[in-house]
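One structure below.
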Amino acid sequence: MKIHEFQAKEVFSSFGIPVPPGKVAATPAEARDAARALGLPVVVKAQIYAGGRGKAGGVRLVESAEEAESAAAAMLDRPLVTHQTGPEGRIVKRVLVENASDIEQEVYLGITIDRARRAPVVMASPAGGVEIEEIARKTPERIFKEWASPQIGLRPFQAHRLADRLGLNAKTTRAVAAVITNLYRAFAETDCTLAEINPLAIVSDGAALAIDAKLNLDDNALFRHPDLASLRDPNEISDLELEAGKYNLNYIKLDGNVGCLVNGAGLAMATMDLIGLAGASPANFLDVGGGANEEMIEHGFDILLSDSDVEAVFINIFGGILRCDILARGIVAATRHRDFDLPVVIRLEGTNVEEGRRILAESGLGFRSASTLSEAAALVAQAVSKEAA
Ligand code: GDP
Ligand code: MN
8 MKIHEFQAKE
18 VFSSFGIPVP
28 PGKVAATPAE
38 ARDAARALGL
48 PVVVKAQIYA
58 GGRGKAGGVR
68 LVESAEEAES
78 AAAAMLDRPL
88 VTHQTGPEGR
98 IVKRVLVENA
108 SDIEQEVYLG
118 ITIDRARRAP
128 VVMASPAGGV
138 EIEEIARKTP
148 ERIFKEWASP
158 QIGLRPFQAH
168 RLADRLGLNA
178 KTTRAVAAVI
188 TNLYRAFAET
198 DCTLAEINPL
208 AIVSDGAALA
218 IDAKLNLDDN
228 ALFRHPDLAS
238 LRDPNEISDL
248 ELEAGKYNLN
258 YIKLDGNVGC
268 LVNGAGLAMA
278 TMDLIGLAGA
288 SPANFLDVGG
298 GANEEMIEHG
308 FDILLSDSDV
318 EAVFINIFGG
328 ILRCDILARG
338 IVAATRHRDF
348 DLPVVIRLEG
358 TNVEEGRRIL
368 AESGLGFRSA
378 STLSEAAALV
388 AQAVSKEAA
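Residues 8 to 396 in the working numbering are what the sequence shown spells out, letter by letter.
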């Protein structure tokens, strides 16, 4: 789960990381009042889950309260398109108004899980800011790394060694090492998959200040952080994902054109790989889990078909606890109340498979059955390439 910049800054602040004073505003008038209360100049920052706002007009430095008001008016209730949002962008519902900082240098700090090393990796670069992706691609040697022990955490000498490599003066090096230590504590104690400060601003008196803040929380550990879980912003979650959540289904939107209905995350991954191997790509996947009932399947299939990118459907079910006949009834029920002419490829195995196949065959709908996974993937790839032709 992601949270907004202003929320991540509150978390950072509670871990002793310095952040600029700021206020959240939902209207241009609130932004004007916030600017007056904070003192000028201020930056007005669009609050969306995606990054890349600076380059897209979502971060504006202004000198007066009136300018803060008009900057907020230009952002609020409109989509902001950045290189991370996709072409439709994200509607801005709030802006963060913050005291502007006099930045001398922008440092990058980030912590994530290095799966290959099975340990958190702490990264730092003296070349932070909006071009960090470019730096990572072209001069990756300018990003320094330390790996923390999952048991012991990041040792103090590691934080200092990392800060030392940034080429800053002694006072600033100490300040940055303290931020690294606190960022690691925030990462570990709130169960993050990513904690990032880009930029960490080095300001004129040599202090370090988190200008931007990103925290991605591990969904599997959210139950330990009810206060953070409650920050979930429905405005940032697609309607279909929200709808799926209501029925306890796991729906993930992707950017291809094959809709996938599967049971189990492992099977979902294997299914997507096979679709890729066959030369197509998934529009989404809907994981109905192990113990879905007919109603859940019906709603799930309905959600999957509501995705306008879907040009063909791949149903890949290994019925264990989920019986194939229940699955088939749910699918037939979902297709009953909508015009339905998409090609559907089904690969069904497991409990009550004969009954499931019979229900689908007698439904009068044009399902194509496949007996193996790779045959099914080839069929569905063929179906989308025909649609495209
Ligand atoms: P992002 O583009 O979504 O990552 O948004 P950021 O919060 O990182 O802001 C983008 C860029 O705007 C930063 O890298 C800074 O260069 C600039 N910026 C943001 N806040 C300030 C500020 O208070 N003062 C100055 N001078 N620049 C700022
Ligand atoms: Mn940033």
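Backbone N, C-alpha and C fix where the C-beta goes; we use that ideal spot for every residue, glycine too.
Problem set entry | Supposed contact pair residue 99 and residue 54 - C-beta distance, whole angstroms, cut 8 Å | Contact between residue 54 and residue 99 holds, with the beta-carbon distance rounding to 7 Å and staying under 8 Å.
Exercise. Exposed or buried, what is residue 194 when buried is set at 16 or more other beta-carbons lying within 10 Å of its beta-carbon?
Worked result: buried
Exercise. Can we say the region 254-269 touches the region 296-311, given the rule of at least three CB pairs closer than 8 Å?
Worked result: yes
For this session: Within 10 angstroms of the Cβ of residue 208, are there 16 or more other Cβ atoms? Answer buried if so, exposed if not.
Result: buried
Problem set entry | residue 205 CB to nearest heavy atom of the ligand MN below 6 Å | yes
Exercise. Considering only the beta carbon of each residue, do residue 356 and residue 325 sit closer than 7 Å?
Worked result: Residue 356 places its beta carbon less than 7 Å from that of residue 325.
For this session: Flag residue 60 as yes when its Cβ comes closer than 6 Å to any non-hydrogen atom of the ligand GDP, and as no otherwise.
Result: Correct: residue 60 has its Cβ closer than 6 Å to the ligand GDP.
For this session: To the nearest angstrom, report how far apart residue 32 and residue 139 are at their CA atoms.
Result: 28 Å
Exercise. Would the C-beta of residue 219 count as close to the ligand GDP, meaning under 6 Å from any of its heavy atoms?
Worked result: Under cutoff, so the answer is yes.
For this session: Output the residue ranges of the beta strand (DSSP E) runs that lie fully inside the region 297-336 and measure 3 residues or longer, sorted by chain position.
Result: 319-326
Problem set entry | Inter-stretch contact at 8 Å, needing at least 3 Cβ pairs: the region 42-62 / the region 117-126 | no
Exercise. Alpha carbon to alpha carbon, what distance is there between residue 145 and residue 28?
Worked result: 35 Å
Exercise. Closest by CA to residue 211, which one among 341, 262, 175?
Worked result: 175
For this session: Note down, in chain order, each residue of its chain lying with its Cβ closer than 6 Å to the Cβ of residue 289, except the 5 sequence neighbours on either side.
Result: Counting only Cβ-Cβ distances below 6 Å, and skipping sequence neighbours, we find 261, 263, 265, 267, 279, 282.
Problem set entry | Beta-carbon proximity check, residue 134 vs residue 102, cutoff 7 Å | no
For this session: From the DSSP output, in three-state form, read off residue 292 for me.
Result: Strand.
Exercise. So, using beta-carbon positions, are residue 410 and residue 184 closer together than 7 Å?
Worked result: Residue coverage of the chain in this structure runs from 8 to 396, which leaves residue 410 outside it and unanswerable.
Exercise. Are there 16 or more other CB atoms within 10 angstroms of the CB of residue 309, so buried, or fewer, so exposed?
Worked result: buried
For this session: Could you tell me which residues DSSP puts in a beta bridge with residue 106?
Result: 49
Exercise. Taking the DSSP output, what are the residues bridged to residue 128?
Worked result: Per DSSP, 119, 154.
Problem set entry | heavy atom of the ligand GDP below 6 Å from residue 107 C-beta | yes
Exercise. How big is the Cα-Cα spacing for residue 315 and residue 250?
Worked result: 16 Å
For this session: On a CA-only basis, which of 151, 342, 337, 69 is nearest residue 171? Give me that one, please.
Result: The residue with the shortest Cα to Cα distance from residue 171 is 151.
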